[in-house]
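One structure is given below, encoded as structure tokens.
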Amino acid sequence: MTTATAGIRKSVRFRPGRTAAWIIIAIAVIATVFPFYWMVRTALTPTADLVPQASQLWPSSPTLINFQRVLGLASIEESVAAGGTGASIDFIRYTINSVIYAGSIAVIQTLSCAAAAYAFARLRFPGRNVLFGVILAGLMIPGIFTLLPNFALMRELDLLNTMLGLVAPALLMSPFTIFFLRQFFLSLPRDVEEAAMLDGVGSLGRFWRIALPLSRGPIATMMLITLVGMWKDYLWPLVAGNSELTRVLTVALGVFQQQSPNTAPDWTGLMAGATLSVLPVLLILVFLGKQLIQSLNFSGGK
Amino acid sequence: MKKTTPLAALGVASLLALTACASGSDEGSADAVTLDYWLWDDIQLPLYQECADAFTEENPNITINITQTGWAQYWQNLSTQITAGTAPDVFTNQISYYLQFVQNNQLLDLTENVEASDIDFADYKEGLAERWVTDGKRYGLPKDWDTVALLYNVEAATEAGYTAEQLSTLTWNPEDGGTFGELVKAMTVDGAGRDGLDPNFDKSDVVRYGYYPEWADGAIGQNGWGNFAHSAGFTYSDDEGAPTTFNFDSEPLIETGAWLQSLIEDGYAPGFDEQSTLGTQAVMENQNVASTITGSWMASTYLAEDAPVEFGFAMVPEGPDGRTAATNGLADSVWAGTEHPEEAYQWVEYLASADCQNSVGEAGLIFPALDSGTEAALEARDAAGFDSSAFASVADAGETFTIPAFERSAEVNSAIQDAMQAIAQGADPAERLSEANDAVEALFK
Amino acid sequence: MSRTMLERTGSRAPRGANDSRVVSPGPSRLRRAEKWAALVLLLPALLGFVVFYLYPTVRGVWYSMTDFNLLNDPTFLGMANFEELAADPQVWDSLRITAVFAVVNIAIVMVLALGLAAFMQRLNLRNWVRSLLLLPWLVPNVAIALIWGWLLDANVGYLSQLLKSVGISGVSFYNGDAALGIIIVISVWSGLGYTALLLYAGMLQVPNELYEAAALDGASETRMFFRVTLPLIRPVLALVLVVSLIGSFQVFDLVQVGYGNNPIPEVRVIYYYIYQQAFSFYNMGYASAIAILLVVILGALTVVQMRLMRANRSDLS
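Protein chains in written order, with the numbering used here: chain U, 267 to 568; chain B, 597 to 1041; chain V, 570 to 886.
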């Protein structure tokens, strides 16, 4: 009893078992990282050594040829000799496409939803509750249900395989974002806004000049979460934007898989491609890791 | 089909205002035309690239952009692109898939173009050209033909005591596998070096299997079960196109399925779950398996000088109903939605011309549809020391069957392939095939 | 879901609005201005909602009653697609597979993530360690499917070989009995770190005094976890559960890419089946009918789940 009270100060939560906790975390980290390590290892392996050295932790003669051919820096002959088909990934173009796709949706959708969320949280207008209920019901609609008619719509409008057609369905609206931001606006203290109102600031001004600056944190959080989600998106870009000009990185990787030789998938090339697709993510982690964690703390804490 | 609803137009108009994203659609100018052309075989890609270069030299205003997509994804991809309205102008077509495109009016009728040209189908391998005509309309020009044979590891066969001559007289039946069944057992080796005929053979520790069955083979079984079943009297249906009766539940196929299943159970063939994502070529070259059935289009790869293992080809074994090797023809078709039908036809005609067919033939990889192209291919193989007799002789002797063409082929393929894969995993062949046959027949009701 | 939200709206927001009416001069003019402001603020989102949610929903329902295949003009079929669907074993198989995937996946992720979060709570982890745990969540499923497809190749995959060497065989994408389990493991692997961090964030909100009080009462750590931590992070749990349930029913990329577009029947999830019907079998109408079935199921599940969790109330408030 005495020892327990003595230790209370700050560390009630972590009494015994710190070692056990460290071990668990270490296992989790290794399990998380190992597949990525194996991906890089395979990407550095010459195709000829792929099978003979299948259980070697590091290739005997590491090579960059797989990256070169995936990036289209090797000739077709070199590529074929290394187990590929001469197919390559226009990495820079597809990364830019991914950035445009994920970036524009993250920014515009979050702002558009923030405006709507503010209206739902603070303004009075007829049919508000019904409308909010209808929008929330949208949360339960699986993407594929609207994907099929949206695909047909884009086809009729001749917008398939254009960047506009690609971003359009998600650009303005996400029920979850509206729900999440409305909750936040509801939790904001009203005093400042009421003071501004007495000074004659209108509803739009209160949203733009007070509520929006006050909610930079949650808005950044939503943007980041949407950015990640759209960065990983696959099915819609696969069906609606599979042309050279609009292909995003996820689809490009899928297409590269399809261009493997018929009789033997090009694993070294595929792993090089996968490594490239993970690179931007690593950059995000290195530069935005802290913000990401804080965002999660924020969304999880709310 | 292009009815733009006011609502959608409103939405898109405002989106246009909201985003500054440029929409990129690549419309060529009137005189310079780029045609997209699809094929699935990476090995043939360089050959057709040569044709494309030569074609562009003759027609400087037309550029051919070739895309290769692996067989496993080719048809799904093509379907998606067709529904998206962005299919390639010209693509390699296969007989068992083409009717579903015809059904949906996705192929350009080439009849008039062909009549206006000086193409004489008598110059092409017999029977190929007619297959691409439905209801009097022509949907493709013959491209190449192929057949299948038994691919074996020469060292394994020799060790087992077989000569090339013996391998060309193998027999097969669904009850005990015939002399082919013996060969498969004899080429199987366990960890202690015992072959499959040894009474102490340990089926739980096999280092080399005698035969590698292909399970991802649609409703045809072109690279495996279809050949065996057909040689035991199996036919796919009572009719082509949209048949009312299918025979996937008939005895010969059930027995064939049961025999292949027994190979797995007895340790002479790898289990379904042991199949490698590396593919047939890798397991053959790593000597995990000693034989399989494969097509003439793969011959040059296996027989190439730099192949790590010595391989040979033998005719598919003779079944109770005779020797029957699946034969098939490909064609080049024009997508109905192409913006450049004239240029697309020009390219298709060039692909079927002596210029292209002979130059493809000279590489010896495949048998072009044009007789002179096939001759060139056979000569090239002779010159390289490749023995093509296993393919050529079955074709010459008419010991082949042409693979059938059905409407709704994607669904038929999916249903039958599922059934065959279930059998590979131990399901009851009669039950599974009868279910699948009902499902397939239901598609045409 | 919507019900709980509406209760909230009913109880809280109008009260605030009442307050503002009391202090504001010229209520009717202001209220009119407020309506216009609301319209302006709502317009972009509403436009997106109407054009890309509402309108497609109506069209989807219409398609489901036709033989539309994207290439023809649709013909009205009435309820024929739904009759066909009821008798199509593949629909029910794929639903069953998806449900098993969702339930097992969520159960494992939740248990492991709670455990991991509880351990994190004991340690002062540096940001980079937490970032590493987040890595799989950031990587697209396409890449994840490829990486694991290679690790688990039946003949030369590193993990399969490792497992074989300790006597576990049959871990292969093409083993019908194990395939779904493998997809679940991959999915757990990719979602675990993210979920754990979310729950950890929720745990950080629990006031320290509650633990101190519990410790003074002599509660064990396990007891504290079940009596203090778990009830107090219920809102986060509920949110994570709902989001992962809907997410799990939408599993597609892992299967489509993992099997090179040729998945074996044992892993053909509902999304894949709908995709296959729509884009490779040209049965857009039928695919829409299956999608409607999925909407109904997901809607029912969400409502039930929210009821059970009483989601929006935390014992904290």
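Idealized CB from N, CA, C, for every residue including glycine.
Query raised in the report: Can you name the residues of chain B whose CB is closer than 7 Å to the CB of U:Val505?
Result: Here residue 505 of chain U refers to the residue found at position 239 of the first sequence. Within 7 Å of the CB of U:Val505, the CB atoms of chain B belong to Thr676, Ala680, in sequence order along the chain.
Query raised in the report: What first and last residue would you give for the beta strand (DSSP E) that runs through V:Gln845?
Result: Residue numbering aside, residue 845 of chain V sits at position 276 when the third sequence is read from its first letter. Note, V:Gln845: premise wrong, no beta strand (DSSP E); not H, not E.
Report task. Could you list which residues in chain U have their beta carbon closer than 9 Å to that of B:Thr873, in chain order? Result -> Residue numbering aside, residue 873 of chain B sits at position 277 when the second sequence is read from its first letter. Within chain U, the residues placing a beta-carbon under 9 Å from that of B:Thr873 are Pro531, Trp533, ordered along the chain.
Query raised in the report: For U:Leu426 and chain V, any beta-carbon pair shorter than 7 Å?
Result: Sequence index remark: in the first sequence, residue 426 of chain U carries index 160 (1-based). By this cut-off, U:Leu426 is not an interface position.
Report task. Hey, could you find the ends of the beta strand (DSSP E) B:Phe907 is sitting in? Result -> The count along the second sequence starts at 1 and reaches residue 907 of chain B at position 311. Here the beta strand (DSSP E) through B:Phe907 covers 907–910.
Query raised in the report: So what's U:Thr329 in DSSP terms, helix, strand or just coil?
Result: The count along the first sequence starts at 1 and reaches residue 329 of chain U at position 63. DSSP places U:Thr329 in coil when its eight states are reduced to three.
Query - the stretch 719–730 of chain V contacting the stretch 768–781 of chain V, beta-carbon criterion three pairs below 8 Å - result: With a cut-off of 8 Å, the stretch 768–781 of chain V and the stretch 719–730 of chain V do not count as touching, because too few Cβ pairs lie within range.
Requested in this report: Return yes when the C-beta of U:Arg359 is under 6 Å from any heavy atom of the ligand COA, and no when it is not.
Outcome: This structure lacks the ligand COA, and indeed carries no ligand of any kind.
Report task. State the CB to CB distance for the pair U:Leu493 and U:Ala372, rounded to an integer number of angstroms; the pair is presumed to be in contact (CB under 8 Å). Result -> Position 227 of the first sequence, counted from the first residue, corresponds to residue 493 of chain U. Position 106 of the first sequence, counted from the first residue, corresponds to residue 372 of chain U. Yes, they are in contact, since the Cβ atoms of U:Leu493 and U:Ala372 sit about 4 Å apart, within 8 Å.
Query - Distance between beta carbons of B:Phe982 and B:Ala895, contact taken as under 8 Å - result: By 1-based counting over the second sequence, the position of residue 895 of chain B is 299. By 1-based counting over the second sequence, the position of residue 982 of chain B is 386. Taking a contact as a CB-CB distance under 8 Å, the pair B:Ala895 and B:Phe982 counts as one, their CB atoms being some 6 Å apart.
Requested in this report: For chain V, find out if any of its Cβ atoms is closer than 7 Å to the Cβ of B:Ala668; answer yes or no.
Outcome: One-based indexing of the second sequence puts residue 668 of chain B at position 72. Taking CB atoms only, B:Ala668 has a neighbour in chain V less than 7 Å away.
Requested in this report: My understanding is that B:Gln664 touches B:Asp638, with C-beta atoms under 8 Å, so please give their C-beta distance in whole angstroms.
Outcome: Sequence index remark: in the second sequence, residue 664 of chain B carries index 68 (1-based). Sequence index remark: in the second sequence, residue 638 of chain B carries index 42 (1-based). Taking the Cβ atoms as the reference, B:Gln664 lies roughly 5 Å from B:Asp638, within the contact range of under 8 Å.
Report task. Kindly say whether V:Arg695, judged by its beta-carbon, lies nearer than 7 Å to any beta-carbon of chain U. Result -> Residue 695 of chain V sits at position 126 when you count from the first residue of the third sequence. Not one chain U Cβ lies under 7 Å of V:Arg695.
Query - Buried or exposed by the 16-neighbour rule on C-beta atoms within 10 Å, applied to U:Ile293 - result: As a first step, residue 293 of chain U must be located in the first sequence, where it is residue number 27. Burial call: exposed.
Query raised in the report: Which residues mark the beginning and the end of the alpha helix (DSSP H) in which U:Ala403 is found?
Result: Within the first sequence, the letter at position 137 stands for residue 403 of chain U. Boundaries of the alpha helix (DSSP H) harbouring U:Ala403: 394–403, taken from the DSSP string.
Report task. Using a Cβ cut-off of 7 Å (strictly closer), state whether U:Gln322 contacts chain B. Result -> Taking the first residue of the first sequence as position 1, residue 322 of chain U is located at position 56. No, no contact with chain B.
Query raised in the report: Applying the criterion that 16 or more other CB atoms from any shown protein chain within 10 Å of the CB defines a buried residue, is U:Asn416 buried or exposed?
Result: Taking the first sequence and counting its residues from 1, one reaches residue 416 of chain U at position 150. The residue in question, U:Asn416, is buried, as its Cβ has 16 or more Cβ neighbours within 10 Å.
**Report entry** Exposure of U:Leu310, with buried meaning 16 or more beta-carbon neighbours within 10 Å
**Finding:** Residue 310 of chain U sits at position 44 when you count from the first residue of the first sequence. Counting every other CB atom within 10 Å of its CB across the protein chains shown gives U:Leu310 a total of 16 or more, marking it as buried.
Query - chain B residues whose Cβ lies nearer than 8 Å to that of U:Thr351 - result: Taking the first sequence and counting its residues from 1, one reaches residue 351 of chain U at position 85. Neighbours of U:Thr351 on chain B, chain order: Asp638, Leu641, Gln664.
Report task. Label V:Trp697 either buried or exposed according to how many other C-beta atoms from any shown protein chain fall within 10 Å of its C-beta, with 16 as the threshold for buried. Result -> Counted from its first residue, the third sequence places residue 697 of chain V at position 128. Around the beta-carbon of V:Trp697, fewer than 16 other beta-carbon atoms lie within 10 Å, marking it exposed.
Query raised in the report: So, helix, strand or coil for B:Glu778, using DSSP?
Result: Against the second sequence, residue 778 of chain B aligns to sequence position 182. If DSSP states are grouped into helix, strand and coil, B:Glu778 belongs with the helices.
**Report entry** From U:Thr541, U:Gln560, U:Trp502, U:Ser561, residue whose alpha carbon lies closest to that of U:Leu414
**Finding:** The count along the first sequence starts at 1 and reaches residue 414 of chain U at position 148. With distances taken between Cα atoms, U:Leu414 lies closest to U:Trp502.
Query raised in the report: Alpha carbon to alpha carbon, what distance is there between U:Leu490 and U:Ser326?
Result: For this step, residue 326 of chain U is matched to residue 60 along the first sequence. For this step, residue 490 of chain U is matched to residue 224 along the first sequence. Taking the straight line from one Cα to the other gives about 41 Å.
Query raised in the report: Could you give the residue range of the beta strand (DSSP E) that holds B:Asn673?
Result: For the purposes of this step, residue 673 of chain B is identified with residue 77 of the second sequence, where counting begins at 1. Here B:Asn673 belongs to no beta strand (DSSP E); instead the alpha helix (DSSP H) covers 667–680.
Query - Of the listed residues B:Leu961, B:Ser968, B:Gly666, B:Gly777, nearest to B:Asp951 (C-alpha basis) - result: For the purposes of this step, residue 951 of chain B is identified with residue 355 of the second sequence, where counting begins at 1. Here the closest residue by C-alpha is B:Ser968.
Query raised in the report: Which residues, taken in chain order from the stretch 634–656 of chain V, show a beta carbon closer than 8 Å to some beta carbon of chain B?
Result: Residues of the stretch 634–656 of chain V with a C-beta atom less than 8 Å from some C-beta of chain B are Asn638, Leu639, Leu640, Asn641, Asp642, listed in chain order.
Query raised in the report: Are there three or more Cβ pairs, one per stretch, closer than 8 Å when the stretch 469–481 of chain U is compared with the stretch 599–618 of chain V?
Result: With the cut-off at 8 Å, the stretch 469–481 of chain U and the stretch 599–618 of chain V touch.
Query raised in the report: Under the three-state reduction of DSSP, which class applies to B:Gly1054: helix, strand or coil?
Result: This structure leaves residue 1054 of chain B out entirely; chain B is present only between 597 and 1041.
Query - 8 Å Cβ shell around U:Gln319 - same chain, five flanking residues per side excluded - result: What you label residue 319 of chain U is simply residue 53 of the first sequence in a count that begins at 1. Only Thr311, Pro325, Ser326 meet the Cβ criterion.
Query raised in the report: Are the stretch 648–665 of chain V and the stretch 727–743 of chain V in contact at 8 Å, needing three or more beta carbon pairs?
Result: No, they do not touch.
Requested in this report: Might you give, ordered along the chain, the residues of its own chain that have their beta carbon closer than 8 Å to the beta carbon of B:Lys599, omitting 5 neighbours on each side?
Outcome: What you label residue 599 of chain B is simply residue 3 of the second sequence in a count that begins at 1. Here B:Lys599 scores only 38 on pLDDT, less than 50, and its place in the model should not be relied on; the value that follows carries that caveat. For B:Lys599, where only same-chain residues beyond five positions count, there are no Cβ hits under 8 Å.
**Report entry** Minimum Cβ-Cβ distance from U:Arg421 to chain B less than 7 Å
**Finding:** The residue labelled residue 421 of chain U in the question sits at position 155 within the first sequence. Output row for U:Arg421: interface = yes.
Requested in this report: Report the residue from B:Gly774, B:Glu755, B:Leu703 whose alpha carbon sits nearest the alpha carbon of V:Leu640.
Outcome: On the third sequence, position 71 is the one that residue 640 of chain V refers to. Of B:Gly774, B:Glu755, B:Leu703, the residue nearest in Cα terms is B:Leu703.
Query - First through last residue of the beta strand (DSSP E) which encompasses B:Leu747 - result: Taking the second sequence and counting its residues from 1, one reaches residue 747 of chain B at position 151. Where B:Leu747 is concerned, the enclosing beta strand (DSSP E) stretches over 737–749.
**Report entry** Cβ shell of U:Gln334 (< 7 Å), same chain only, five flanking positions each side left out
**Finding:** In the first sequence, counting from the first residue as 1, residue 334 of chain U sits at position 68. The residues are Ala340.
Report task. Could you please tell me which residues of the stretch 695–709 of chain V, in chain order, have their CB closer than 7 Å to any CB of chain U? Result -> Look at the stretch 695–709 of chain V: the residues with a C-beta under 7 Å from a C-beta of chain U are Asn696, Trp697, Val698, Arg699, Ser700, Leu701, Leu702, Leu703, Leu704, Pro705, Leu707, Val708, Pro709.
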